[in-house]
Amino acid sequence: MGAVLFCGRILIGWVRDLHNSFSDDDRLWKLAAVLRAGRSAESVSLETGIDPWFSRALSRIIEMERQLLAEELTPDLMRKAKRMGFSDAQIGSLADYLPEQVRSIRKEWGLKPVYKMVDTCAGEFEAVTPYFYSTYEQENEAVSSEDTVAVVLGSGPIRIGQGIEFDYCSVHAAIALQAAGIKAVMVNSNPETVSTDFDTSDRLYFEPLDEESVRDIIENEGDGDSLPASMVQFGGQTAINLSQSLGVAGLPILGSSPDVIDLASDRGRFEMLTARYGLPQPPGGMASDVGVALEIAENVGYPVLVRPSYVLGGRAMEIVQTSSELRRYFETALREFPDQTILIDHYLTGLEVEVDAVCDGQDVLIPGIMQHIERAGVHSGDSMAVYPAQSLTDAEVEKIIDYTRRVGLALGIVGLMNIQFIVAGGGTYRGFNGDHHRDDFGDAEVYIIEVNPRSSRTIPFISKVTRIPMVRIATEVMQGRTIKEQGYTPGLAKEQNLIAVKAPVFSMSKLAGVDTFLGPEMKSTGEVMGIDQTFDGAITKALLGSGLNVPEGGPVLLSIADPDKSDSTGLIRLLDEGGHKIYATSGTAKMIRLMGVDVVEVEKRLQGGKGRTVVDIIEDGTVRAVVNTVTGDRSTLQDGFHIRRAAVMQRIPCFTSIDTARCAIESEGVLGEGMEGQSYNVKTLAEYLGDA
Numbered sequence: 024m025g026a027v028l029f030c031g032r033i034l035i036g037w038v039r040d041l042h043n044s045f046s047d048d049d050r051l052w053k054l055a056a057v058l059r060a061g062r063s064a065e066s067v068s069l070e071t072g073i074d075p076w077f078s079r080a081l082s083r084i085i086e087m088e089r090q091l092l093a094e095e096l097t098p099d100l101m102r103k104a105k106r107m108g109f110s111d112a113q114i115g116s117l118a119d120y121l122p123e124q125v126r127s128i129r130k131e132w133g134l135k136p137v138y139k140m141v142d143t144c145a146g147e148f149e150a151v152t153p154y155f156y157s158t159y160e161q162e163n164e165a166v167s168s169e170d171t172v173a174v175v176l177g178s179g180p181i182r183i184g185q186g187i188e189f190d191y192c193s194v195h196a197a198i199a200l201q202a203a204g205i206k207a208v209m210v211n212s213n214p215e216t217v218s219t220d221f222d223t224s225d226r227l228y229f230e231p232l233d234e235e236s237v238r239d240i241i242e243n244e245g246d247g248d249s250l251p252a253s254m255v256q257f258g259g260q261t262a263i264n265l266s267q268s269l270g271v272a273g274l275p276i277l278g279s280s281p282d283v284i285d286l287a288s289d290r291g292r293f294e295m296l297t298a299r300y301g302l303p304q305p306p307g308g309m310a311s312d313v314g315v316a317l318e319i320a321e322n323v324g325y326p327v328l329v330r331p332s333y334v335l336g337g338r339a340m341e342i343v344q345t346s347s348e349l350r351r352y353f354e355t356a357l358r359e360f361p362d363q364t365i366l367i368d369h370y371l372t373g374l375e376v377e378v379d380a381v382c383d384g385q386d387v388l389i390p391g392i393m394q395h396i397e398r399a400g401v402h403s404g405d406s407m408a409v410y411p412a413q414s415l416t417d418a419e420v421e422k423i424i425d426y427t428r429r430v431g432l433a434l435g436i437v438g439l440m441n442i443q444f445i446v447a448g449g450g451t452y453r454g455f456n457g458d459h460h461r462d463d464f465g466d467a468e469v470y471i472i473e474v475n476p477r478s479s480r481t482i483p484f485i486s487k488v489t490r491i492p493m494v495r496i497a498t499e500v501m502q503g504r505t506i507k508e509q510g511y512t513p514g515l516a517k518e519q520n521l522i523a524v525k526a527p528v529f530s531m532s533k534l535a536g537v538d539t540f541l542g543p544e545m546k547s548t549g550e551v552m553g554i555d556q557t558f559d560g561a562i563t564k565a566l567l568g569s570g571l572n573v574p575e576g577g578p579v580l581l582s583i584a585d586p587d588k589s590d591s592t593g594l595i596r597l598l599d600e601g602g603h604k605i606y607a608t609s610g611t612a613k614m615i616r617l618m619g620v621d622v623v624e625v626e627k628r629l630q631g632g633k634g635r636t637v638v639d640i641i642e643d644g645t646v647r648a649v650v651n652t653v654t655g656d657r658s659t660l661q662d663g664f665h666i667r668r669a670a671v672m673q674r675i676p677c678f679t680s681i682d683t684a685r686c687a688i689e690s691e692g693v694l695g696e697g698m699e700g701q702s703y704n705v706k707t708l709a710e711y712l713g714d715a
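Rendered as C-alpha cells:
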C-alpha cells in the first residue's frame, strides 16, 4: 500500500473540509495528505465514514514515510519499508538516494523479494500451481528452473488506449514459446485477462509492470550464471517503455534491441533516419517550451498535431489550429508530462492507412494493408479499419510496401512493427462503394506518420482475417528463424477473398461528462469485426455489432462545422434519396436549402430561443441518428457537446466524422426485411477463409 500512497500532491482544500469533499479517484491521495498534515486516523474515519481499519493502515504508511525522512537507512528500517510495499524509488526519494543506489544497498544487505505460490483451491486440498506473488519474507517457492525460459511482459491493467488486443499477443507469444520447447514466464498484473490464467503460461508472476519488479523476477528466474531474456513487444506501450531501463541494466531482450526501440520512438533520431533514406514524413519538430513550439508551428504551418512521446492511446494528443490554442495546450501538457518532449507535426488531411509487419533483419512480411474509413486525425484505435484497402492505387500500394520494407530494415527491427501512413492529395473523395474508379484518383504522396516497434491493437484483427499468425512468426523470428525458414514469402501477402471491417465500441454512456467527439486521443473501450464478401455486408455487420447502425429512412439531425460543409454534400444527397427526414442547425440548414433539399431547422441549445432545441428532438426520440462535426471554435464545441451527450444518453448513433456517417447511410439497406431480404452472408470465419 505504501507504493500506492506516496505522492507529492498538495491538497489543502481537502485537508480543511474532509466531510464535504467529493469521493473521486483522488480520494486515496487526499486521505494521505490529510494524515500527513497531522490529522489522526480516528478523526478522519469520523468525518468520512471510512472504516478505522483502513485509516489506521494509511496512518502506519505515513509514519513509515516520516521514519525514512528522519532516520538513517538501516537493514531493519529498509526491511520494514519493503514489507509495507515501498518501492526502491520511493525509499530513495525519502531517504535521499537514487533508486539504483537503494537497489544496490538492499542487495548488499541480502534484502530481496521471495515469491509465494497462490493457493488456487482455497486450502480445500493441496494444489501446486505456478502462480506467484512477491513478498519480503523468508522462503522462496519460485525456485529457478534448469530449462530454457523466456519472460513475456504483459500489458498491465486494461484501460482506454491499451486493451485486450495486447493480451491476445501475450498469450499467443507464450503458446509459441511452449511450442518451441521454451518455458514461458508471464509477468502481468491484471486478474481479468487470459494471460493471467494460471494455466496459460509455464509460470505466472502476478506483479506490477515496473522496472524494480521486472528486474527482481528476471533475477529470480536466472540460474546464477545467466539471466533469461525478456519479450517486450507484446505488451503494448507499457511493456515497450520498460525496454530502456532493462537495457541500461544489461538485461537481455529478445527481438528489437532497446536502441532500435528508442530510434523508432525518438522523433529527432527517427527524422534523421528518414531523411537519410529518403522516406517522406510530414514536416515537424520537437519542443520542451512554448517559444520553440510556436516557432516550429509557424514554420510548418497550422493546423499542427501535438502530442507527448511515449504515451498510451494518443493521450493528450490534439489538433491545434492557432498560436493561442498551442499556448493553452503547452500549459496543460507540460504540467501533466513535465519530463516529456512535445512532438509537433504539420497536420495533413488525407486517407490514413495502417500496416502491421514482421521483420527478421533481412526480409519483411506484410499480411495486409488496412485503410481507415475516417480521414487522418482520428486515433487509429477509434477508426474503422477495412481489409483489404479499397481506395488505393497500385502505385500507392507499391510505395507502402517499399516504405514498410525500408523502414524495417533501416531501423533493424527484429519482430513486429506497426506503421501508420497518410495518403495526401489525389483530388477527390475516395469512397468505398465505387464512387470513383481507382484510375480517377490523382497523384498523391504517401507520408509516414508513425512507426511503433511493437505489436499493435490491430494484430488480432489482421491475423484472423489473413490466416497469418503474426505473433507466432514474430516469436520465432526473435529466436533466430527467418520468415523464409518458416515457409512465408516476404512482401505483401495475397489478399483473402473477403472484406473485413474493424469497428470501435464506446462506453460513453458510462463515462459522465466525456465528449464523444473523435480526435487524435483514443476513447474507445473495445472493438468488433464484420466480415463478408462485399464491403456493404462487412460494414453493416460491424455497425450492428458496435451499435452504430442507422435505421433505414429514420430522421437524422445534422450539425456540420463550416470546414466540413463542402465534404457533406454527398452525405446529404444520400439522406435525401434514402427518404430520411433531415433536421439541421441554422448554418447547416441554410446550406441544405441551397442544395434544393427539404430540411427542418432547429435551434441550438445555447441560442436561448423559445422553440424546441436540438437536445429536445434527440431526447424525445424525434431523430434516430446524429451527425455532428466540430472545429476548435468554443461556442461550436459547447453546443456540439450537448448534442453529442444527448445522443449518447439516448443510445442513438452519433457520428463526428462525415466519412463514417456516409458509409453507415450507404449500407443501411443491406439489412433488408428478415433473413430472406438481407443482402449479407451468415457464415463462420472458417467458412469465409475456406472460400479464399
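Quick note, the sequence shown lines up with residues 24 to 715 if you use the working numbering. Virtual Cβ for every residue (Gly too), placed ideally from N, Cα, C.
Asked, Found
"Grouping DSSP H, G and I as helix and E and B as strand, with all else coil, what is Asp662?", "helix"
"For Ala112 and Phe229, I'd like the C-alpha separation in whole angstroms.", "20 Å"
"In its own chain, which residues sit with a C-beta less than 6 Å from the C-beta of Glu188, not counting the 5 before and 5 after it?", "Arg480, Pro483"
"Hey, Pro578 and His603 are a contact pair by Cβ (cut 8 Å); roughly how many whole angstroms apart?", "6 Å"
"Determine the direct distance from the alpha carbon of Gly307 to that of Ile367, and round the result to whole angstroms.", "5 Å"
"Any idea which residues DSSP pairs His13 with across the strands?", "This structure leaves residue 13 out entirely; the chain is present only between 24 and 715."
"How about Met340: is its Cβ closer than 8 Å to a heavy atom in the ligand GDP?", "The model on display carries no ligand, and the ligand GDP is accordingly not part of it."
"Sort Ser680, Arg647, Val638 by Cα distance to Arg668 and report the nearest one.", "Val638"
"Please classify Gly61: does DSSP put it in a helix, a strand, or coil?", "coil"
"From the DSSP output, which residues share a beta bridge with Met107?", "In DSSP, Met107 forms no bridge with anything."
"If you follow the beta strand (DSSP E) that Cys382 is in, where does it begin and where does it stop?", "374 to 382"
"Quick one: what's got a C-beta closer than 7 Å to Thr592's C-beta in the same chain, skipping five residues either side?", "Met618"
"According to DSSP, what are the bridge partners of Cys677?", "Val649"
"Could you name the residues of the same chain whose beta carbon sits closer than 8 Å to that of Met407, not counting the 5 residues immediately before and after it, in chain order?", "His395, Ile396, Glu397, Val524, Lys525, Ala526, Pro527, Ile562, Ala565, Thr683, Cys686"
"Assuming Ile471 contacts Leu374 (C-beta within less than 8 Å), just tell me the rounded distance between them.", "Going by Cβ atoms, the distance from Ile471 to Leu374 rounds to 14 Å, so no, they are not a contact pair."
"For the candidate residues Thr97, Glu348, Asp99, Trp52, whose alpha-carbon lies nearest to that of Ser82?", "Trp52"
"What three-state label does DSSP hand Leu439 in the structure shown?", "strand"
"Please determine, among Gln519, Ser486, Val381, Thr372, the residue with the shortest C-alpha to C-alpha distance to Val401.", "Thr372"
"What span of residues does the alpha helix (DSSP H) with Val208 cover, start to end?", "From DSSP, Val208 is part of no alpha helix (DSSP H) but of the beta strand (DSSP E) over 206 to 211."
"Judging by CA-CA distance, which residue of Phe353, Asp621, Gly438 is the nearest neighbour of Glu600?", "Asp621"
"Per DSSP, what kind of secondary structure is Thr548 in: helix, strand or coil?", "coil"
"Measure the alpha-carbon distance for Met545 versus Gln344 and round it to whole angstroms.", "20 Å"
"Nearest to Ile641 by CA position, among Gln502, Ile675, Gly634, Lys613, is which residue?", "Ile675"
"Determine the direct distance from the alpha carbon of Val376 to that of Glu468, and round the result to whole angstroms.", "12 Å"
"What residue from Thr512, Ser236, Glu95 has the CA that sits closest to Ser110's CA?", "Ser236"
"For Ser582, which residues does DSSP report across the bridge?", "Asn651"
"Strictly by DSSP, which residues pair up with Glu468?", "Ala447"
"Could you check if Pro390 is buried or exposed, using at least 16 other CB atoms within 10 Å of its CB as the buried criterion?", "buried"
"Sort out for me which residues DSSP pairs Leu515 with in a bridge.", "Ile389"
"Measuring only the C-alpha atoms, how far is Glu499 from Asp170?", "18 Å"
"Which first and last residues belong to the alpha helix (DSSP H) in which Ala165 is found?", "Ala165 -> no alpha helix (DSSP H), and no H or E assigned at all."
"Considering only the alpha carbon of each residue, which of Asp405, Arg292, Val387, Val323 lies closest to Ile423?", "Val387"
"Please state whether the Cβ-Cβ distance between Met440 and Val474 is less than 9 Å.", "yes"
"Could you give the distance in angstroms between the alpha-carbon of Ile263 and the alpha-carbon of Ser193?", "13 Å"
"In whole angstroms, what separates the C-alpha of Thr295 from that of Gly448?", "Before going further, note that residue 295 is Met rather than Thr in the sequence given. Cα-Cα distance, rounded: 25 Å."
"Might you give, ordered along the chain, the residues of its own chain that have their beta carbon closer than 8 Å to the beta carbon of Gln673, omitting 5 neighbours on each side?", "Ile641, Glu642, Gly644"
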